[in-house]
Amino acid sequence: MAAAGRSLPAWATGRRAALLVPMVPAAVDAVLVGKGSTWWEVVLSAIAVLALLLRLRFPVLTLMLTLPGAYFEYIWIAPMTALYSVAAHRANVRVTAFWATLFALVEYFHWPIVDEMFELGRDTALNAIESAMLAAGPAALGLLARTRRELAERIVQLTEGQQRESRLLAERVLGSERARLAREMHDVVSHQVSLISIQAGALQVSTADPVAKETARTIRELSVRTLEELRQMVGVLRAASARRDEPLAPQPRLADLPRLIEGSGLPVTTALAPGPRAWPEAVERAAYRTVQEALTNIRKHAPGAEVSVSLDSHGARLLVEVHNGPPPLGPGSALPDHLPGGGHGLVGLRERAQLLGGTLTADPAPDGGFTVRAELPAAE
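Each position in the sequence shown, counted from 1, maps to that position plus 152 in my numbering.
See the structure below:
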């Protein structure tokens, strides 16, 4: 019962109105003309009026059903409406011309046929003009409506095409800008990192202190790894101009976390249990980058603090948490030569998590330290 009382959508209401509204004047016309007519002539007029219900789906059939009423009863509204539908919904102009001509002939040679129809005179000419206008009017209006509809569709297509070209142009400009940024980043960053790697290698060879030698080795390994990731990022930025068959370097995954933690030089306690699920590559990469950024921030702002890294799964969600305690020397005990930072690392991680449908929080801990927690869902 609830379904029966449900209101119709706007498009259905408009379609029903388009069907029923023309039937009112057609019915009035049939009633006025049918006074004093025989029963079968009234039936023909009624068929012509009811046939208008089919005019949107079967316009030609509708016109055929209205012509007998026009021929025997001399009704106008129903066949003119049907002829308009033929012109408005049939793409072939020849079909419209044929049925318009037939309707004009039916109107001129209407029942009963008398000899005056074939005589040359003023009345005959006026009747012929009237019949031609009765057919030409609705046909012209239907052709105009169809042309207007086709033009509107064409305008929509042109607008969509222009918008698509604008997007392609913007992407082309963005690709050029990415290539330029890639060149700038490669020229500036790779040069400095290469110098760091060379200096670390020289220190590793020249020093006799085991601790300094190990530190130099770690610095050199980190520099080489940074250069590899920089080359990978430059390749991504210049993807438009890069060779398509050039293989991309493997992206970091959860299996690479132990090596990352070992190379951080921090006292880290780990609890890595991502579960048996095969996590999507984007989720594993986001988890790796979260731990990497957190460890980098700890080395900047809390060197020597105790660190714990945990990786766990809860259903279809991967939980990543990096917690550091307070720095041994208290707040503000960062390195004297403080590394610069724009605060974009955590912002980028939060955006990455949101794109995957997850969340990331970074808040001070009750013990005076800091906690970075990410919750990443597995894509279906």
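Yeah, the Cβ is synthetic: ideal placement off N, Cα and C, and Gly gets one too.
Which of helix, strand or coil DSSP assigns to residue i
{"i": "residue 474", "result": "strand"}
{"i": "residue 527", "result": "strand"}
{"i": "residue 451", "result": "helix"}
{"i": "residue 346", "result": "helix"}
{"i": "residue 434", "result": "helix"}
{"i": "residue 514", "result": "strand"}
{"i": "residue 522", "result": "strand"}
{"i": "residue 423", "result": "strand"}
{"i": "residue 466", "result": "strand"}
{"i": "residue 460", "result": "strand"}
{"i": "residue 227", "result": "coil"}
{"i": "residue 273", "result": "coil"}
{"i": "residue 241", "result": "helix"}
{"i": "residue 358", "result": "helix"}
{"i": "residue 221", "result": "helix"}
{"i": "residue 351", "result": "helix"}
{"i": "residue 365", "result": "helix"}
{"i": "residue 504", "result": "helix"}
{"i": "residue 299", "result": "helix"}
{"i": "residue 208", "result": "coil"}
{"i": "residue 479", "result": "coil"}
{"i": "residue 283", "result": "helix"}
{"i": "residue 195", "result": "helix"}
{"i": "residue 416", "result": "coil"}
{"i": "residue 251", "result": "helix"}
{"i": "residue 307", "result": "helix"}
Nearest-angstrom Cα separation, counted from residue j out to residue i
{"i": "residue 508", "j": "residue 312", "result": "30 Å"}
{"i": "residue 393", "j": "residue 403", "result": "Confidence is the limiting factor: at residue 393 the pLDDT is only 49, short of 50, which leaves the residue's position unreliable and the question unanswerable from this model."}
{"i": "residue 291", "j": "residue 194", "result": "26 Å"}
{"i": "residue 423", "j": "residue 415", "result": "17 Å"}
{"i": "residue 438", "j": "residue 407", "result": "13 Å"}
{"i": "residue 510", "j": "residue 413", "result": "24 Å"}
{"i": "residue 284", "j": "residue 260", "result": "9 Å"}
{"i": "residue 504", "j": "residue 174", "result": "59 Å"}
{"i": "residue 272", "j": "residue 214", "result": "34 Å"}
{"i": "residue 357", "j": "residue 344", "result": "20 Å"}
{"i": "residue 180", "j": "residue 198", "result": "11 Å"}
{"i": "residue 526", "j": "residue 334", "result": "30 Å"}
{"i": "residue 330", "j": "residue 301", "result": "43 Å"}
{"i": "residue 306", "j": "residue 318", "result": "18 Å"}
{"i": "residue 515", "j": "residue 310", "result": "51 Å"}
{"i": "residue 320", "j": "residue 500", "result": "26 Å"}
{"i": "residue 218", "j": "residue 182", "result": "11 Å"}
{"i": "residue 431", "j": "residue 466", "result": "12 Å"}
{"i": "residue 121", "j": "residue 360", "result": "Residue 121 is absent from the structure shown; the chain starts at 153 and stops at 532."}
Short Cβ contact (9 Å threshold) for residue i with residue j
{"i": "residue 298", "j": "residue 241", "result": "yes"}
{"i": "residue 200", "j": "residue 222", "result": "yes"}
{"i": "residue 230", "j": "residue 256", "result": "no"}
{"i": "residue 523", "j": "residue 474", "result": "yes"}
{"i": "residue 234", "j": "residue 288", "result": "no"}
{"i": "residue 417", "j": "residue 370", "result": "yes"}
{"i": "residue 303", "j": "residue 236", "result": "no"}
{"i": "residue 379", "j": "residue 368", "result": "no"}
{"i": "residue 341", "j": "residue 382", "result": "yes"}
{"i": "residue 295", "j": "residue 245", "result": "yes"}
{"i": "residue 232", "j": "residue 286", "result": "yes"}
{"i": "residue 464", "j": "residue 434", "result": "no"}
{"i": "residue 449", "j": "residue 521", "result": "no"}
{"i": "residue 366", "j": "residue 419", "result": "no"}
Beta-carbon separation (whole angstroms), residue i vs residue j, contact threshold 8 Å
{"i": "residue 529", "j": "residue 468", "result": "6 Å"}
{"i": "residue 428", "j": "residue 456", "result": "36 Å between Cβ atoms; not a contact."}
{"i": "residue 436", "j": "residue 497", "result": "With a Cβ gap of about 19 Å, residue 436 and residue 497 do not count as contacting."}
{"i": "residue 513", "j": "residue 472", "result": "Not really, about 11 Å apart at Cβ, beyond 8 Å."}
{"i": "residue 205", "j": "residue 220", "result": "That pair is no contact at about 17 Å."}
{"i": "residue 440", "j": "residue 411", "result": "Actually they do not touch by this definition, with Cβ atoms about 11 Å apart."}
Closer than 9 Å to chain B by CB, residue i
{"i": "residue 293", "result": "Protein chains in the displayed structure number just one, and chain B is not present."}
* Pair every Cβ in the stretch 210-230 with every Cβ in the stretch 270-278, then say whether three or more of these pairs are closer than 8 Å. => Verdict: no, contact absent.
* Touching or not, the stretch 364-376 and the stretch 340-349, by the rule of three or more beta carbon pairs under 8 Å? -> At 8 Å Cβ cutoff, the stretches touch.
* **Any 3 or more C-beta pairs closer than 8 Å across the stretch 182-192 and the stretch 203-218** => In this structure the stretch 182-192 does not lie against the stretch 203-218, because fewer than three pairs of beta carbons, one per stretch, are closer than 8 Å.
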